[in-house]
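Under our numbering, think of the first position of the sequence shown as 65, with each following residue one higher. Note that CB positions come from ideal geometry on N, CA and C, so glycine has one too.
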Amino acid sequence: MFRLPLSALFQLSSVELFEYSGEEDSRPKRLSEVGGMHLCFEVDDVHACAERLRAQGVDMLDGPNLVESGPLRGFNWIYFRSPWGLMLEAAASTGLVTKAIRRIDCGVPSQRENTAPDIRPHIESGASDESEECLPLS
């Protein structure tokens, strides 16, 4: 997975979602297959987001789901489909690992390297969920 740090998003001019017309010639790829993909939006409240989407008639696939223990504790998500079938996700996170990933915002690794810093030392040090320090890319 290639994760783009938040600071890099402000440098992007747009996110484009395409709906192609024409005949379908293959089944959609599952997320676990090569070529499978989805787009995730970070939201403040997954439950409120799910309610708004349902009210608009959006095809909800899964969730809201909440991780209650372990390193991803506090991660909450839903999956849904765009009107043309694109898999989308809305997620909110409050746990230590997801906060640490957000703090890894000290530079953008090249897509070719496709690397992320090792956050295990941060977790093993007993850092609190409240820590706002920026973790360096290594």
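Are residue i and residue j closer than 9 Å when you measure CB to CB?
i	j	result
Ala-154	Glu-115	no
Asp-214	Ile-142	Beyond the ends of the chain as shown, which are 65 and 202, falls residue 214; an answer cannot be given.
Thr-158	Gly-134	no
Thinking residue i and residue j are a contact (beta carbons under 8 Å), I'd like their distance in whole angstroms, please.
i	j	result
Leu-117	Phe-144	6 Å
Val-110	Asn-140	4 Å
Going by C-alpha to C-alpha distance, which of the options sits closest to residue i?
i	options	result
Glu-87	Ser-133, Glu-97 and Trp-148	Trp-148
Could you name the residues of the same chain whose beta carbon sits closer than 6 Å to that of residue i, not counting the 5 residues immediately before and after it, in chain order?
i	result
Ser-100	Note on identity: in this sequence residue 100 is Gly, with Ser being the wrong assignment. Cβ within range, chain order: Lys-93 and Arg-94.
Ala-119	none
Alpha carbon to alpha carbon, what distance is there between residue j and residue i?
i	j	result
Ala-112	Asn-129	13 Å
Ser-96	Met-151	13 Å
Gly-121	Ser-85	22 Å
So, at 8 Å on beta carbons, what are the nonlocal neighbours of residue i in its own chain, with the 5 sequence-adjacent residues on each side left out?
i	result
Asp-108	Ala-156
Val-131	Arg-137, Gly-138, Phe-139, Asn-140 and Gly-159
Arg-91	none
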